[in-house]
Amino acid sequence: MVVSVVDAVVLVIVLPDVIVVAVVPLSLPEPPLLPEPPPPPSSPDGQPASREPSTTKESAWVRMGRQASTARDRIGYPAAAMTVHPPHAATPAFRPRAAGRRVAPIVFVATLLLACRRDDAPTTSPDAASTGDAPRSPAAPVATAPASLQAERVREHVAFLADDAQQGRAPGTASDGAVQQYVAAAMKARGLQPAGTQGFLQPFEITDGVRLRADQASTLAIGKAAIAHGLVPFSGESTTPVSAKLVFVGYGIAQGRKGTGDYEGLEKAVHGAIVVALAGAPAGDPHIGVAQARAASKAITARDHGAAGFVLWDPKLERYPNHGEAADLGVPAVFVGTAGTPALFAALGGKAGKDGAIDPSVVRRGRRSAKAVTLQTPIERVRLQTANVVGRLPGSGKSDRVVVVGAHMDHLGFGTDSSLAPGVDAIHNGADDNASGVAVMLELCGAEAARDAAARPFDVICIAFGAEEMGLLGSKHYVQSLPKPELSRIAAMINFDMVGRLGPEGVVVAGAGTAKQWPELVEANRGKLTVRTTDDGYGPSDHGSFYEAAIPVLHFFTGPHEDYHKPSDDIDRLNITGAAAVGTFALAILDALQHDALVPSYIEVARPAQARGGGFRVSLGTIPDYGANVDGVRLSGVRKDGAAEKAGLRKGDVIVRIGTRDIHNLDDYMASFGELEAGSTVAIVVVRDGKRVELQMVPQSPQPR
Numbered sequence: 001m002v003v004s005v006v007d008a009v010v011l012v013i014v015l016p017d018v019i020v021v022a023v024v025p026l027s028l029p030e031p032p033l034l035p036e037p038p039p040p041p042s043s044p045d046g047q048p049a050s051r052e053p054s055t056t057k058e059s060a061w062v063r064m065g066r067q068a069s070t071a072r073d074r075i076g077y078p079a080a081a082m083t084v085h086p087p088h089a090a091t092p093a094f095r096p097r098a099a100g101r102r103v104a105p106i107v108f109v110a111t112l113l114l115a116c117r118r119d120d121a122p123t124t125s126p127d128a129a130s131t132g133d134a135p136r137s138p139a140a141p142v143a144t145a146p147a148s149l150q151a152e153r154v155r156e157h158v159a160f161l162a163d164d165a166q167q168g169r170a171p172g173t174a175s176d177g178a179v180q181q182y183v184a185a186a187m188k189a190r191g192l193q194p195a196g197t198q199g200f201l202q203p204f205e206i207t208d209g210v211r212l213r214a215d216q217a218s219t220l221a222i223g224k225a226a227i228a229h230g231l232v233p234f235s236g237e238s239t240t241p242v243s244a245k246l247v248f249v250g251y252g253i254a255q256g257r258k259g260t261g262d263y264e265g266l267e268k269a270v271h272g273a274i275v276v277a278l279a280g281a282p283a284g285d286p287h288i289g290v291a292q293a294r295a296a297s298k299a300i301t302a303r304d305h306g307a308a309g310f311v312l313w314d315p316k317l318e319r320y321p322n323h324g325e326a327a328d329l330g331v332p333a334v335f336v337g338t339a340g341t342p343a344l345f346a347a348l349g350g351k352a353g354k355d356g357a358i359d360p361s362v363v364r365r366g367r368r369s370a371k372a373v374t375l376q377t378p379i380e381r382v383r384l385q386t387a388n389v390v391g392r393l394p395g396s397g398k399s400d401r402v403v404v405v406g407a408h409m410d411h412l413g414f415g416t417d418s419s420l421a422p423g424v425d426a427i428h429n430g431a432d433d434n435a436s437g438v439a440v441m442l443e444l445c446g447a448e449a450a451r452d453a454a455a456r457p458f459d460v461i462c463i464a465f466g467a468e469e470m471g472l473l474g475s476k477h478y479v480q481s482l483p484k485p486e487l488s489r490i491a492a493m494i495n496f497d498m499v500g501r502l503g504p505e506g507v508v509v510a511g512a513g514t515a516k517q518w519p520e521l522v523e524a525n526r527g528k529l530t531v532r533t534t535d536d537g538y539g540p541s542d543h544g545s546f547y548e549a550a551i552p553v554l555h556f557f558t559g560p561h562e563d564y565h566k567p568s569d570d571i572d573r574l575n576i577t578g579a580a581a582v583g584t585f586a587l588a589i590l591d592a593l594q595h596d597a598l599v600p601s602y603i604e605v606a607r608p609a610q611a612r613g614g615g616f617r618v619s620l621g622t623i624p625d626y627g628a629n630v631d632g633v634r635l636s637g638v639r640k641d642g643a644a645e646k647a648g649l650r651k652g653d654v655i656v657r658i659g660t661r662d663i664h665n666l667d668d669y670m671a672s673f674g675e676l677e678a679g680s681t682v683a684i685v686v687v688r689d690g691k692r693v694e695l696q697m698v699p700q701s702p703q704p705r
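Going by my numbering, the first residue of the sequence shown is number 1, and it counts up by one from there.
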């Protein structure tokens, strides 16, 4: 029987064992909004973290003219390509649906009916269910309130990773091993299972510079008078001494072909001589690109002109970083810095000023030494072991797909050729780059592990990558080592690199165009964060290795700053609260994927060639495989609509010749950029399936930022 009153319905429910009378309101008060996300984070003193917007991680690499291991054909995040989402009072994700406001009476009545069941109704005891005595269907995913990463836990991780005791986390060092063990222990403590090839570890080999062979010594001397010098990673392996006169060639840069630029009129003089070239390039010359100014490119240019040896000279630098992938360029080479400058300057006929100052500019281009110089470099490549640290968080088993969450744990040790404090022999702690990313990754995975497994249809793979600074070597090794069926199971990859400097400009989320669902998920879960998005999935961090394998990616990055790749990148300059907020944002996106068992739809993003710091005159649209041990340059992919794709190059091709230049390694490949012209067709030879294939390619003009 139902009796209607003004604002309510009276229900009288008659059952065999009980009579229930209930008054059910016809309408309910307006439900309150769910709690707003936390306000934008600030630095410990309450002020937004300061940031330097004038550079990017990529452009800093380019300005330094990185060696083959780090001179990657990669792109940054141009401001013009970004979509900016400013903060607002509430996003749609935080508002309840209006249609839900009149559902409560029905739910209330249903609850009454369920409460009136007979005491002798059948039931399943918790004990029976837990022991498997009574069958049950898998629990449905449970939606949970958004979790927040704990800033203090993030700080604890960064404090260990960026401590001086870790000596900059250079790959292959004892401190690198200590960091691997720390990360593995943190994963285990949060409930992750080991998923490497050796427990949590997935070891792999890297090449890091050169060293003298046992019982050998390098030589640079005039008669018995030695000139202080250091090894360089691009030297040839010379066991037989070379004896020849020195020839000074200024900056040692040619303009695309022999006998041009600094070599004009000197072809006969340098043939058979030991060439001396200044490091860097003359200031303000728009015709000199990054490829031509690289130290290795200068050695190649000297070799192409018939030089018997090469000396790189920088009077202001104490040492040249002997790190990274080491290529034998076929000519013995050494570096002369501050210590050896007086002797080298005198050998070239230079005279110091009255105050003892040495000015290399007074040495005439083409100047020869009066006496022959002996040069010998009996070296070998240094091969080291590093590792990725890999943990697995099993899902409910309702899906065979996985989501990868990653960050790189290595940094520059005491400084490499990519340091922006050249010549400074000091620990580069890399608090932002990338202790911040590893800390956020660990806490995000820990927060996900704390959830009910029934609400997690996807497995989550958490990875701290090794050797990222050497060319994404760890992430490439991980991707390339996976069998195709395993690789195809990866639904998405979420990456953190430099997320410790959140400020007023917010966080950059790259890869937003790599899946059609990303823009909506980013917008719905950002809360009050200011978010700038870019579409491209390639970039200067480990997410690029996954996007090359046709996997949707999201990459989180709080922007460049003046401490990038310097010893000053320390924990006291981080916005830890901001890093935790970025991790919370990413966790909300991961939870959205898990809640709906959503597999993002991969999109191949077309992107025009872009200038990199104004340095390269052309773009080929190639993606070199920096870890490949081949004679040539193997491609791990080509950019959509780039020059390489239009010419017919494919993933897996090995470039062995560009124009008239044979390509044996990445240094040869980089040197060829200085000889190419945009719009001018050039022959390119690749090895494909064991056969040489010649194609015609038209290099593109870089697009200014």
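Quick reminder that beta carbons are idealized off the backbone N, C-alpha and C, glycines included.
Nearest in C-alpha terms to Lys516, of all of Asp497, Gly537 and Val382, is Gly537.
Under the three-state reduction of DSSP, Gly621 is assigned to coil, being neither helix nor strand. Here Ala174 carries a helix assignment [DSSP, helix/strand/coil]. Around the beta carbon of His287, fewer than 16 other beta carbons sit within 10 angstroms, so the residue counts as exposed. Counting only runs that start and end inside the segment 517-542, the alpha helix (DSSP H) elements of at least 4 residues fall at 518-525. Taking a C-beta distance under 9 Å as the contact criterion, Arg401 and Arg489 qualify as a contact pair. DSSP, read as helix, strand or coil, puts Asp208 in strand.
Here Lys371 is exposed: its Cβ has fewer than 16 other Cβ atoms, across all protein chains shown, within 10 Å. In the three-state reduction of the DSSP assignment, Met498 falls in the coil class, being assigned neither a helical nor a strand state. The residues Lys640 and Asp641, in chain order, have a CB closer than 7 Å to that of Ala606 in the same chain once the five nearest residues on each side in sequence are set aside.
In the DSSP secondary-structure assignment, Asp662 is bridged to Arg657. Shown here for Leu695: same chain residues with a beta carbon closer than 6 Å to its own, the five before and five after excluded, namely Ala647, Gly648 and Ile684 in chain order.
Here Tyr263 carries a helix assignment [DSSP, helix/strand/coil].
When secondary structure is reduced to three states using DSSP, Gln181 falls in the helix class.
Counted as a single uninterrupted DSSP element, the beta strand (DSSP E) harbouring His408 occupies residues Val402 to His408. If you ignore the 5 residues before and after Gly191, its C-beta comes within less than 6 Å of the C-beta of Ala449, all in its own chain and listed in chain order. As a beta-bridge residue in DSSP terms, Gln385 pairs with Glu205. Leu278 places its beta carbon less than 9 Å from that of Gly250.
Between the C-alpha atoms of Asp176 and Gln167 there is a straight-line separation of about 9 Å. Under the three-state reduction of DSSP output, Tyr602 falls in the strand class. Asp570 is the residue among Ala597, His408, Asp570 and Ile463 whose C-alpha sits nearest the C-alpha of Ala431. Following the DSSP letters along the chain, one finds Glu694 inside the beta strand (DSSP E) bounded by residues Lys691 to Met697. The beta carbon of Ser148 sits closer than 6 Å to the beta carbons of Thr584 from its chain, once the five residues preceding and following it are set aside; these are given in chain order. Within the model, the alpha-carbon separation for Ala467 versus Gly503 is close to 28 Å. Of all alpha-carbon atoms in Gly627, Gly446, Lys651 and Val405, the one lying nearest the alpha-carbon of Ala185 is that of Gly446. Val336 places its beta carbon 9 Å or farther from that of Ala302. Counting along the chain, no alpha helix (DSSP H) covers Asp285, and no H or E run does either. For Ile227, the secondary structure class from DSSP, reduced to helix, strand or coil, is coil. Assignment of beta-bridge partners to Cys462 by DSSP yields Gly391 and Val405. For Thr374, the enclosing beta strand (DSSP E) stretches over residues Arg368 to Gln376.
Close CB contacts of Ile658 within its chain, under the 6 Å cut and outside five residues either way in sequence, are with Ser672 and Ile684 (chain order).
Within the same chain, Tyr251, Ile253, Ile288 and Ala293 come within 7 Å of Ala281 by CB-CB distance, once the 5 residues on both sides are set aside. Listed in chain order, the non-local C-beta contacts of Ala151 below 6 Å within the same chain comprise Ile576, Thr577 and Ala580, local neighbours out to five positions each way being set aside.
The beta carbon of Val424 is closer than 7 Å to those of Gly415 and Pro567 in its chain, skipping five residues each way along the sequence. One thing to note: Gln700 has its Cβ no nearer than 9 Å to the Cβ of Gly637.
DSSP lists Gln376 as the bridge partner or partners of Thr219.
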